[in-house]
Amino acid sequence: MPTYFRSECCLWLGMSDSFRRESARFISNIKTIVLPVDGSKNADRAANVAFEIAEMTSARLLIIHVIDLGTVQQVARASGSDSLMILQQYVTYGNKILQEYKSAAQGYKLQVELILERGQPSDRIVNLARETRADMIIMGSQGIGGEGRSRIGSITDLVVHKAGCAVLIIK
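Numbered according to our numbering, the sequence shown spans residues 3 to 173.
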């Protein structure tokens, strides 16, 4: 008989007592969590879950925002603006988002590191997880650009397929 666990953001299904024991063992061994953020509602929900798990396990929480340089170039071309000026606007916005998540984490006992990267988002997220030997990536099912289109966004899909660690997707 399956056991159901409900939280604010999702429904968890545990298949047996042994499954729960293995899950508890896995969770207790988490030392580093990567949390990609973009300011979307799904990223906010993922952050809340990451804060809880990081506090529960005393894991280091790496909050990353990635500036997609392809998007910067597209915006610069479409607006006729200088790409360096557009990039600086994205950097300012990225730092603002990271600070907002850091502020949101202050109610928890956490070791938080903020990381602003430039490049292809899924590659940078997976590389950070690999470089830091992260045990888990916790991310929203879709970012700002994908709300409502499909069940899982393209960046999330790529991270799931490329990551060498567990990926927890929050809707």
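Glycine included, C-beta positions come from ideal geometry on N, C-alpha and C. Note that the coordinates shown come from a computational prediction; the quantities given were computed from them, not determined experimentally.
Contact under 9 Å by Cβ, G121 with V39: Here residue 121 corresponds to residue number 119 of the sequence shown, with the count starting at 1. Here residue 39 corresponds to residue number 37 of the sequence shown, with the count starting at 1. No. Outside cutoff.
Inter-residue spacing [alpha-carbon to alpha-carbon] between I154 and Q144: Along the sequence shown, one-based indexing puts residue 154 at 152. Along the sequence shown, one-based indexing puts residue 144 at 142. The alpha-carbon atoms of I154 and Q144 are separated by roughly 6 Å.
Taking R79 and T34 to be in contact with their CB atoms under 8 Å, please state how far apart those CB atoms are, rounded to whole angstroms. In the sequence shown, counting from the first residue as 1, residue 79 sits at position 77. In the sequence shown, counting from the first residue as 1, residue 34 sits at position 32. Their Cβ separation, rounded to whole angstroms, is 38 Å, which puts R79 and T34 out of contact at 8 Å.
First through last residue of the beta strand (DSSP E) which encompasses Q174: Outside the displayed span of the chain (3 to 173) sits residue 174, for which this structure offers no information.
Determine the contact status of I140 and V51, defining contact as a CB-CB distance below 9 Å. Position 138 of the sequence shown, counted from the start, is the residue given in the question as residue 140. Position 49 of the sequence shown, counted from the start, is the residue given in the question as residue 51. Closer than 9 Å, so yes.
Among G96, N44 and K173, the one whose alpha carbon lies nearest that of L71: Position 69 of the sequence shown, counted from the first residue, corresponds to residue 71. Comparing Cα-Cα distances from L71 to each of G96, N44 and K173, the minimum goes to G96.
Cutting at 8 Å between CB atoms, please list the residues of its own chain near V77, excluding the five before and the five after it. As a first step, residue 77 is located in the sequence shown; it is residue number 75 there, counting from the start. Closer than 8 Å at the Cβ level, and outside the excluded window around V77, lie S83 and I88.
Look at the alpha carbon of G109 and the alpha carbon of E57, and state the distance between them as a whole number of angstroms. The residue given as residue 109 occupies position 107 in the sequence shown. The residue given as residue 57 occupies position 55 in the sequence shown. The straight-line gap from Cα to Cα measures roughly 10 Å.
E32 vs D137 beta-carbon contact at 9 Å: Within the sequence shown, the letter at position 30 stands for residue 32. Within the sequence shown, the letter at position 135 stands for residue 137. Before going on, a small fix: residue 32 reads as Ile here, not Glu. The answer is yes: Cβ separation under 9 Å.
Restricting to Cα atoms, I'd like to know which of L86, R27 and V36 is closest to G142. Translated into the one-based positions of the sequence shown, residue 142 becomes position 140. Out of L86, R27 and V36, V36 has the C-alpha closest to the C-alpha of G142.
Can you give the Cα-Cα distance for N129 and A107, rounded to whole angstroms? The residue labelled residue 129 in the question sits at position 127 within the sequence shown. The residue labelled residue 107 in the question sits at position 105 within the sequence shown. Rounded to whole angstroms, N129 to A107 spans 24 Å at the Cα level.
Taking the CB atoms as reference points, tell me whether I127 and A165 lie closer together than 9 Å. If you number the sequence shown from 1, residue 127 lands on position 125. If you number the sequence shown from 1, residue 165 lands on position 163. Cβ atoms of I127 and A165: closer than 9 Å.
By how many angstroms is the C-alpha of S60 removed from the C-alpha of L13? Counting from one through the sequence shown, the residue named residue 13 turns up at place 11. Counting from one through the sequence shown, the residue named residue 60 turns up at place 58. Because the pLDDT at L13 is just 43, under 50, the model does not fix this residue reliably, and the value given afterwards should be weighed accordingly. Cα to Cα, L13 sits roughly 24 Å from S60.
Looking at the structure shown, is A80 part of a helix, part of a strand, or coil, going by DSSP? Translated into the one-based positions of the sequence shown, residue 80 becomes position 78. Helix.
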